[in-house]
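What follows is a single structure, written as structure tokens, with notes after it.
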Amino acid sequence: MNLILIAEEGERKLVKQYLPNCDWEVRVTGVGAVNIIRSLRDVPRDTHILNIGYAGSANFEIGTVVEVSEVRLNHPNCRYDEPEQVLAPCDATLSEDSAGISPSLFPIAQRRAVCYTNSDFVLASDYTDCVFDMELAYIAAMGFERVSALKVVSDNLSLHSYHQVTKGVE
């Protein structure tokens, strides 16, 4: 099974923009950990997951497409050990599993970077050269065989900018 995950309905436009010929099922999960767990708890673990969505960044330009190489939880006030969550490359996921999709038919990410998953919108951070979301670490932690992610920078840690760019994504 192949599944594209988006957090909110408004992100469906990213799938149409960046993967117009992809025939994978698209599932809207909802925002945050609880919604991810509820939405994915019964999905077989051999499912290939591609998460596409908006993300913030302290320094990447708005509109930058980022292929996520690794995901971590963002916990800036303390340090503790957690497993490394390395993601599969998007080009391998799509070219091997999508009928009619080859690496030349989808956008090559402008950057590869780490994604930090948060429980709330990030308004400030000392972390640079990365993106921030609210779902990806939970998706990766659920034990799927292959997880890949493309994030489109919607803001530079500004809720106002996020709403302007996403045009209706709440």
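According to the numbering used here, numbering within the sequence shown proceeds without interruption in unit steps and concludes at 188. Where is the CB? At the ideal position from N, CA and C, for every residue including glycine.
- Message: For a test of the three-state rule: what should DSSP assign to Y134, helix, strand or coil?
- Response: strand
- Item | Option in I157, K185, M152 with minimal Cα separation from A73 | M152
- Rounded separation between E79 and I70 - CA only: 18 Å
- Task: For L91, I'd like the list of residues in its chain whose CB is within less than 6 Å of its CB, leaving aside the five on either flank, ordered along the chain.
- Result: T135, A155
- Task: Specify the secondary structure class of V49 as computed by DSSP and reduced to three states.
- Result: coil
- Item | Neighbourhood of A142 by C-beta distance below 7 Å, restricted to the same chain and skipping five residues each side | L175
- Item | Supposed contact pair A158 and V84 - C-beta distance, whole angstroms, cut 8 Å | Their Cβ separation, rounded to whole angstroms, is 15 Å, which puts V84 and A158 out of contact at 8 Å.
- Quick one: using the 10 Å Cβ neighbour count with 16 as the cut-off for buried, is V89 buried or exposed? buried
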